[in-house]
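For the sequence shown, this note's numbering gives the first residue as 211, with consecutive numbering after it.
Backbone N, C-alpha and C fix where the C-beta goes; we use that ideal spot for every residue, glycine too.
Quantities reported herein were computed from a predicted structural model and do not represent experimental measurements.
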Amino acid sequence: MGKERSEKEKVGGGEHNKRNMFVSCVVMNSCAAELKLVLTALLVLCSIATLFQILPSRFAISASDLRFCISRITTTTTTTTTTIAPLNSTTTTIPLTPSPPSAQKDQVADNGVIKRVFNPYGSAAYNFITMGAYRGGHNTFAIIGLASKPLLLYSTPTYQCEWVPESPSASNSTFSTVSYRILPDWGYGRVYTVVVVNCTFSEAVNGENSGGKLFLEASTSGGGDKNLNITDRFEVLNESPGDLNMSPFSSKPQYDYLYCGSPLYGGLSPQRVREWIAYHVRLFGERSHFVIHDAGGVHEEVLEVLKPWMELGYVTLQDIKEQERFDGYYHNQFMVVNDCLHRYKFLAKWMFFFDLDEYIYLPPKNTIKSVLDSLSGYTQFTFEQMPMSSKLCLSADYGRYYRKWGFEKLVYRDVKRGIRRDRKYAIQPRNVFATGVHMSQNFAGKTTYKTEGKIKYFHYHGTIAQRREPCRNLLNVTEINFENVPYVLDTTMRDLAWSVKKFELKMIGPKVPHPHLLAVSKRPRRFRHKFSINDGQLWFSFSTV
Numbered sequence: 211m212g213k214e215r216s217e218k219e220k221v222g223g224g225e226h227n228k229r230n231m232f233v234s235c236v237v238m239n240s241c242a243a244e245l246k247l248v249l250t251a252l253l254v255l256c257s258i259a260t261l262f263q264i265l266p267s268r269f270a271i272s273a274s275d276l277r278f279c280i281s282r283i284t285t286t287t288t289t290t291t292t293t294i295a296p297l298n299s300t301t302t303t304i305p306l307t308p309s310p311p312s313a314q315k316d317q318v319a320d321n322g323v324i325k326r327v328f329n330p331y332g333s334a335a336y337n338f339i340t341m342g343a344y345r346g347g348h349n350t351f352a353i354i355g356l357a358s359k360p361l362l363l364y365s366t367p368t369y370q371c372e373w374v375p376e377s378p379s380a381s382n383s384t385f386s387t388v389s390y391r392i393l394p395d396w397g398y399g400r401v402y403t404v405v406v407v408n409c410t411f412s413e414a415v416n417g418e419n420s421g422g423k424l425f426l427e428a429s430t431s432g433g434g435d436k437n438l439n440i441t442d443r444f445e446v447l448n449e450s451p452g453d454l455n456m457s458p459f460s461s462k463p464q465y466d467y468l469y470c471g472s473p474l475y476g477g478l479s480p481q482r483v484r485e486w487i488a489y490h491v492r493l494f495g496e497r498s499h500f501v502i503h504d505a506g507g508v509h510e511e512v513l514e515v516l517k518p519w520m521e522l523g524y525v526t527l528q529d530i531k532e533q534e535r536f537d538g539y540y541h542n543q544f545m546v547v548n549d550c551l552h553r554y555k556f557l558a559k560w561m562f563f564f565d566l567d568e569y570i571y572l573p574p575k576n577t578i579k580s581v582l583d584s585l586s587g588y589t590q591f592t593f594e595q596m597p598m599s600s601k602l603c604l605s606a607d608y609g610r611y612y613r614k615w616g617f618e619k620l621v622y623r624d625v626k627r628g629i630r631r632d633r634k635y636a637i638q639p640r641n642v643f644a645t646g647v648h649m650s651q652n653f654a655g656k657t658t659y660k661t662e663g664k665i666k667y668f669h670y671h672g673t674i675a676q677r678r679e680p681c682r683n684l685l686n687v688t689e690i691n692f693e694n695v696p697y698v699l700d701t702t703m704r705d706l707a708w709s710v711k712k713f714e715l716k717m718i719g720p721k722v723p724h725p726h727l728l729a730v731s732k733r734p735r736r737f738r739h740k741f742s743i744n745d746g747q748l749w750f751s752f753s754t755v
């Protein structure tokens with residue numbers, strides 16, 4: 211049977227090939243005219259290409275001109291368009307056309323005056339760079355990104371939002387609104403500065419949950435070239451039909467407390483990260499969450515420390531290393547915290563903004579709930595700093611300091627007076643439009659700075675970026691003047707270390723390596739010891755060799 215079937219297949223295949231050849235011949239005869247037309251077109255194109263090779267260079271099209279043209283071609287996979295209009299024109303914008311292939315030249319007027327010309331090429335900065343766009347209610351949106359700082363500083367660029375329904379109809383049509391911008395980075399920007407664009411429409415958007423897209427039109431309004439108004443129109447948000455969920459805007463937040471972290475970069479100490487996350491998960495409790503932004507600092511060992519807390523649902527890690535392409539202030543810190551604000555705005559009752567070398571502290575018999583309940587009448591509150599030495603430790607820890615955690619062994623507090631020290635803050639995010647690093651200036655409601663006795667933070671400056679052992683000097687005194695700075699012994703945080711270690715063991719078990727394996731990449735082989743007398747007190751210091 212198998213042999214008969216194979217023979218039939220061979221015969222059938224032969225007949226099929228004959229039929230194909232017959233059909234091909236018919237098609238070739240009927241398409242002869244079309245083939246001649248195609249061949250003629252190819253011949254013309256080849257002739258033009260050959261002609262360009264022998265023309266003078268001023269008539270040639272450069273590679274940059276070709277790239278410029280190609281970048282402006284609208285395809286089905288992009289919704290970004292750029293238009294140009296004369297600045298004083300009463301007409302609407304016109305499609306962008308490439309600049310002339312040849313440069314203009316100086317001319318001599320009839321009166322002998324030489325008229326100089328200026329030929330622009332390329333662009334100095336992008337018009338707008340988006341990080342995120344988020345719905346803020348029935349009719350309002352926030353777009354977070356970067357824009358050219360010179361453009362915003364010396365010109366008046368404008369932004370307009372447009373909502374395009376998925377299926378336009380008489381009751382569901384396209385409509386626009388003029389937006390207003392917020393510049394929250396206090397002028398710290400470099401090539402780029404942070405922009406928060408607020409789009410508030412006069413009516414509900416996507417009320418039927420039928421889907422649609424939000425577009426932003428960013429216009430230079432004569433910035434960069436006073437003769438032109440360059441407008442870029444691009445999609446910033448896409449809502450698919452049936453995907454809109456309005457419940458977060460009116461329901462109880464998922465978290466009571468959410469931490470928005472600044473960008474982490476450099477060679478961070480995994481041990482310090484370990485201590486920080488265990489301490490604050492214990493402080494804020496079960497209904498808390500931590501958003502960590504990796505700008506290059508979350509290397510393999512740091513990720514190993516964070517992974518158990520990520521698996522428990524306490525930590526979200528975002529890779530933001532791509533933002534390093536754009537030259538903004540401090541790894542675009544202001545953009546990152548504003549994106550965090552609007553991304554999680556309706557998921558948390560309170561948001562905290564501070565760094566990984568800073569530890570929130572509450573006095574005894576207080577809880578985070580009791581403190582924040584007493585401040586619930588304020589949209590924002592700030593709290594004071596307790597600066598700690600990153601070098602001075604107790605001589606009682608000699609021989610076992612490497613087993614102790616950073617906030618357990620760094621026990622000398624800076625008490626120098628007459629210095630304005632940075633404060634950190636917390637907000638109720640639903641009332642905040644944009645935020646900063648040390649406080650927000652764009653919110654509805656009240657703010658207070660009178661939080662002494664309720665909440666403060668201990669700052670171990672620089673320790674998060676040290677992989678070596680932080681203890682450089684071991685002391686047995688309660689007061690000391692070190693490097694012209696007065697210090698006093700303060701064991702407030704030291705006294706909490708045992709409880710935090712016990713909490714970590716309960717929550718994640720022995721998943722994290724021993725402290726001395728995380729603190730330094732390679733343990734020192736020996737130490738250089740030094741005894742000295744300072745202000746009548748005996749000092750013991752050492753350094754690794």
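Practice prompt. Within the same chain, show all residues whose beta-carbon is closer than 8 Å to that of Arg704, passing over the 5 residues directly before and after it, in chain order.
Written response: Position 494 of the sequence shown, counting from 1, holds the residue named residue 704. Result list for Arg704: Phe617, Glu618, Lys619 and Val621, in chain order.
Fill in: Where Val446 sits in the DSSP three-state scheme
Numbered from 1 along the sequence shown, position 236 holds the residue referred to as residue 446. In the structure shown, Val446 sits in a strand (DSSP, three-state: E or B).
Worksheet item: By how many angstroms is the C-alpha of Leu582 removed from the C-alpha of Arg492?
Response: As a working note, residue 492 is residue 282 in the sequence shown. As a working note, residue 582 is residue 372 in the sequence shown. Taking the straight line from one Cα to the other gives about 16 Å.
Discussion item. By the three-class DSSP mapping on this structure, what secondary structure does Asp537 have?
Written reply: Position 327 of the sequence shown, counting from 1, holds the residue named residue 537. Asp537: coil per DSSP, three-state reduction.
Worksheet item: Mapping DSSP to helix, strand and coil, what is Thr291?
Response: Here residue 291 refers to the residue found at position 81 of the sequence shown. Here Thr291 sits in strand by DSSP.
Discussion item. By the DSSP assignment, the alpha helix (DSSP H) with Asp504 in it spans what residues?
Written reply: Position 294 of the sequence shown holds residue 504. Note, Asp504: premise wrong, no alpha helix (DSSP H); beta strand (DSSP E) at Ser498 to Asp504.
Fill in: CA-to-CA distance, Asn641 to Phe556, given in whole angstroms
Here the question's residue 556 lines up with position 346 in the sequence shown. Here the question's residue 641 lines up with position 431 in the sequence shown. Cα to Cα, Phe556 sits roughly 10 Å from Asn641.
Fill in: When Ile440, Gly421, Gly422 and Lys436 are compared against Ser429, the one with the closest alpha-carbon
Indexing the sequence shown from 1 puts residue 429 at position 219. Ranking the options by Cα distance to Ser429, first place goes to Ile440.
Item to complete: Count the other CB atoms, across all protein chains shown, that sit within 10 Å of the CB of Ser281; report buried if there are 16 or more and exposed otherwise.
Response: Against the sequence shown, residue 281 aligns to sequence position 71. Any reading at Ser281 needs caution, since the residue's pLDDT is 43, under 50, leaving its predicted position unreliable; the model's value is listed next. Ser281 should be labelled exposed.
Fill in: At least 3 beta-carbon pairs within less than 8 Å: the segment 352-370 vs the segment 510-521
no
Worksheet item: Who are Glu594's beta bridge partners in DSSP?
Response: As a working note, residue 594 is residue 384 in the sequence shown. Lys666.
Practice prompt. Determine the extent of the beta strand (DSSP E) in which Ser358 is found, giving its start and end residues.
Written response: Taking the sequence shown and counting its residues from 1, the one referred to as residue 358 is at position 148. Per DSSP, Ser358 belongs to the beta strand (DSSP E) from Thr350 to Ser358.
Worksheet item: DSSP state of Tyr336, grouped into three classes?
Response: Your numbering for residue 336 matches position 126 in the sequence shown. DSSP places Tyr336 in coil when its eight states are reduced to three.
Discussion item. So, at 6 Å on beta carbons, what are the nonlocal neighbours of Gly506 in its own chain, with the 5 sequence-adjacent residues on each side left out?
Written reply: By 1-based counting over the sequence shown, the position of residue 506 is 296. Closer than 6 Å at Cβ, skipping near neighbours: Tyr475 and Lys531.
Worksheet item: Quick one, are the C-beta atoms of Lys614 and Asp607 less than 8 Å apart?
Response: Your numbering for residue 614 matches position 404 in the sequence shown. Your numbering for residue 607 matches position 397 in the sequence shown. Closer than 8 Å, so yes.
Item to complete: Could you pull out every unbroken beta strand (DSSP E) segment of at least 3 residues lying fully inside the segment 621-653, listed in chain order?
Response: 622-624, 634-637 and 642-644
Worksheet item: Near Glu217, which residues of its chain fall below 8 Å by C-beta distance, leaving aside the five closest residues on each side in sequence?
Response: By one-based count along the sequence shown, residue 217 stands at place 7. For Glu217, the predicted model reports a pLDDT of 44, less than 50, meaning its position is unreliable; a value from the coordinates is still stated below. If we look at Glu217 and ignore the five residues flanking it on each side, it has no Cβ neighbours.
Fill in: N- and C-terminal bounds of the alpha helix (DSSP H) containing Trp519
To locate residue 519, count along the sequence shown from 1; it is residue 309. Run containing Trp519: Glu510 to Glu521, per the alpha helix (DSSP H) assignment.
Practice prompt. Count the C-beta pairs between the segment 570-586 and the segment 663-671 that are closer than 8 Å, then say yes if the count reaches three, no if not.
Written response: yes
Worksheet item: Based on the DSSP output, what are the partners of Ala558 in its beta bridges?
Response: Position 348 of the sequence shown holds residue 558. Answer is Tyr465, bridged to Ala558.
Worksheet item: Can you give the Cα-Cα distance for Gly347 and Trp373, rounded to whole angstroms?
Response: Within the sequence shown, numbered from 1, the residue matching residue 347 stands at position 137. Within the sequence shown, numbered from 1, the residue matching residue 373 stands at position 163. Looking at the two C-alpha atoms, the distance is approximately 14 Å.
Fill in: Among Thr368, Gly587 and Asn349, the one whose alpha carbon lies nearest that of Asn337
On the sequence shown, position 127 is the one that residue 337 refers to. Looking at the Cα atoms, Thr368 is the closest of the given residues.
Fill in: Buried or exposed by the 16-neighbour rule on C-beta atoms within 10 Å, applied to Ile487
Indexing the sequence shown from 1 puts residue 487 at position 277. Burial call: buried.
Practice prompt. Label Gln314 either buried or exposed according to how many other C-beta atoms from any shown protein chain fall within 10 Å of its C-beta, with 16 as the threshold for buried.
Written response: As a first step, residue 314 must be located in the sequence shown, where it is residue number 104. That one is exposed.
Worksheet entry | Residue nearest to Asp567 in terms of C-alpha spacing, selected from Glu594, Thr592 and Met598 | Mapped onto the sequence shown, residue 567 falls at position 357. Taking only the C-alpha atoms, the option nearest Asp567 is Met598.
Item to complete: List the endpoints of the continuous beta strand (DSSP E) containing Ile570.
Response: Mapped onto the sequence shown, residue 570 falls at position 360. Looking at the DSSP string, the run of the beta strand (DSSP E) that includes Ile570 is Glu568 to Tyr571.
Practice prompt. Go ahead and label Ile324 buried or exposed: buried means 16 or more other beta carbons lie within 10 angstroms of its beta carbon, across all protein chains shown.
Written response: Within the sequence shown, numbered from 1, the residue matching residue 324 stands at position 114. It counts as exposed.
Worksheet entry | First and last residue of the uninterrupted alpha helix (DSSP H) at Ala606 | The residue given as residue 606 occupies position 396 in the sequence shown. Segment: none, Ala606 is in no alpha helix (DSSP H) and carries neither H nor E.
Discussion item. What residue range does the alpha helix (DSSP H) around Ile718 cover?
Written reply: By 1-based counting over the sequence shown, the position of residue 718 is 508. Ile718 -> alpha helix (DSSP H) spans Ala707 to Ile718.
Discussion item. Quick check on Ile258: does DSSP put it in helix, strand or coil?
Written reply: Taking the first residue of the sequence shown as 1, we reach residue 258 at position 48. Reduced to three states, the DSSP call for Ile258 is helix.
Discussion item. So, with DSSP's three-state summary, where would you put Tyr402?
Written reply: Taking the first residue of the sequence shown as position 1, residue 402 is located at position 192. DSSP places Tyr402 in strand when its eight states are reduced to three.
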